[in-house]
Amino acid sequence: KAGVTQTPRYLIKTRGQQVTLSCSPISGHRSVSWYQQTPGQGLQFLFEYFSETQRNKGNFPGRFSGRQFSNSRSEMNVSTLELGDSALYLCASSLEGAGKETQYFGPGTRLLVL
Amino acid sequence: AQKITQTQPGMFVQEKEAVTLDCTYDTSDPSYGLFWYKQPSSGEMIFLIYQGSYDQQNATEGRYSLNFQKARKSANLVISASQLGDSAMYFCAMRDPRVSAGGTSYGKLTFGQGTILTVHP
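These protein sequences, in sequence, are chains Y and E. With the first letter of the first sequence counted as 1, position 41 gets the number 41 in my numbering; the numbers rise by one all the way through. Residues are numbered in my numbering as their position in the second sequence, beginning at 1, plus a constant of 1000.
Structure, rendered in structure tokens:
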């Protein structure tokens, strides 16, 4: 079974631009979560989607948004990019996002904002 | 609020020896799950092992085992017979046990700061 895939793997943008990252979960998984990883803040939860609905959200400004499609694929969007948005963005999927379920991560998208 | 603490920024171990990576957690919820992930320099987070708060036995997965001490709120990862390929960043994480109306729990993972493990030949 194919793992979680994320595209693109690397991205360079300039301040003020916007960016869209894509995540395809493991087949059959309906829960998709997004995390931001930076050297200073570590791994921080952005949001979680299940059946096209956002069910959980981290403490990030409204510039960070996401959505999930009927096939469980998810996208996250960052508008008006800031230098501090440079990070590794990780997507994770699980069956229902519940209890004992493990979240399986993709390879991440490395975003550099200049 | 949940909190995960990994107090070892870096650890060194000789190949074929065992190593313990520390993790302590803080939560007021009786039901929670603890995970360990490995992150090589490539960036991908690789799931290693899971321990549920109500599990009676310590979890084991191949060379990985979890030393779960509930009263001390610690969940240390033990890697036996270290290999050069074990060199990576290791993260301890806890699942937020938010409960939905349906009775199932879901939620985000809260991560510790990580421990960089270096295996020497």
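Ideal Cβ placement from N, Cα and C applies to all residues, glycine included. Here the structure is a predicted model, which means the values were calculated and not measured.
Residue-chain proximity (residue i, chain E), Cβ-Cβ < 7 Å
| i | result |
| --- | --- |
| Y:P25 | no |
| Y:P107 | yes |
| Y:F60 | no |
| Y:G66 | no |
| Y:N56 | yes |
| Y:L95 | no |
Per DSSP, the bridge partner or partners of residue i
| i | result |
| --- | --- |
| E:C1023 | Note: E:C1023 sits in no beta bridge, so no partner. |
| E:H1120 | E:Q1014 |
| E:M1089 | E:Q1039 and E:I1116 |
| E:Q1056 | DSSP lists no partner for E:Q1056. |
| E:M1094 | E:L1034 and E:T1110 |
| Y:F105 | Y:A92 |
| Y:V127 | Since the first residue of chain Y shown is 1 and the last is 114, residue 127 of chain Y is not available in this structure. |
| Y:T116 | Missing from the structure shown is residue 116 of chain Y; chain Y here goes from 1 to 114 and no further. |
| E:F1068 | E:A1075 |
Interface residues of chain E facing residue i [CB-CB closer than 7 Å]
| i | result |
| --- | --- |
| Y:S33 | K1108 |
| Y:G84 | The premise fails here: Y:G84 is roughly 19 Å from chain E at the closest Cβ pair, so nothing lies under 7 Å. |
| Y:L90 | M1045 |
Option in the options with minimal Cα separation from residue i
| i | options | result |
| --- | --- | --- |
| E:T1005 | E:F1111, E:H1120 and E:R1095 | E:F1111 |
| E:A1018 | E:Q1039, E:S1041 and E:Q1083 | E:Q1083 |
| E:G1052 | E:P1121, E:L1034, E:R1072 and E:L1077 | E:L1034 |
| E:N1123 | E:S1041, E:Y1064 and E:Q1039 | Residue numbering for chain E in the displayed model covers 1001 to 1121; residue 1123 of chain E lies beyond these limits and cannot be assessed. |
| E:Q1056 | E:I1049, E:Q1014, E:F1068 and E:Y1025 | E:F1068 |
| Y:T109 | Y:T53, Y:Q17, Y:R9 and Y:F45 | Y:R9 |
| Y:C91 | Y:G16, Y:K13 and Y:Q44 | Y:Q44 |
| E:S1080 | E:C1092, E:E1061, E:R1072 and E:K1070 | E:E1061 |
| Y:A2 | Y:E75, Y:K13 and Y:P107 | Y:P107 |
| Y:Q36 | Y:E96, Y:R55, Y:T102 and Y:P61 | Y:P61 |
| Y:S51 | Y:T80, Y:T102 and Y:S94 | Y:S94 |
| E:D1029 | E:V1119, E:M1089, E:G1085 and E:K1070 | E:K1070 |
| Y:R67 | Y:T20, Y:G16, Y:V4 and Y:I12 | Y:T20 |
| Y:S70 | Y:P39, Y:T5, Y:E101 and Y:S31 | Y:S31 |
| Y:S72 | Y:Q41, Y:Q18 and Y:Y49 | Y:Y49 |
| E:D1022 | E:N1058, E:K1016, E:M1011 and E:K1108 | E:M1011 |
| Y:R63 | Y:L114, Y:T5, Y:V4 and Y:Q18 | Y:Q18 |
Cβ of residue i within 7 Å of any chain Y Cβ
| i | result |
| --- | --- |
| E:F1111 | yes |
| E:A1101 | Confidence in E:A1101 is poor, its pLDDT being 49 and thus under 50, which makes the residue's placement unreliable; the coordinate value appears in the next sentence. Cβ-Cβ to chain Y under 7 Å: no for E:A1101. |
| E:T1027 | no |
Partner residues on chain Y for residue i, Cβ-Cβ distance less than 9 Å
| i | result |
| --- | --- |
| E:G1114 | G42 and L43 |
Chain Y contact residues for residue i, given Cβ-Cβ distances below 8 Å
| i | result |
| --- | --- |
| E:F1091 | L43 |
Residue i Cβ short of 6 Å to the ligand NAP heavy atom set
| i | result |
| --- | --- |
| Y:S51 | With respect to the ligand NAP, the structure shown offers nothing to examine, as it has no ligands at all. |
Fill in: Under 8 Å (Cβ pairs) to chain Y, residues found in the stretch 1036–1063 of chain E
Those residues of the stretch 1036–1063 of chain E that come within reach of chain Y (Cβ to Cβ, closer than 8 Å) are Y1037, S1042, G1043, E1044, M1045, I1046, F1047, Y1050 and G1052.
Discussion item. So if I threshold CB-CB distances at 7 Å, which residues from the stretch 34–45 of chain Y count as touching chain E?
Written reply: Residues of the stretch 34–45 of chain Y whose Cβ lies closer than 7 Å to any Cβ of chain E, in chain order: G42, L43 and F45.
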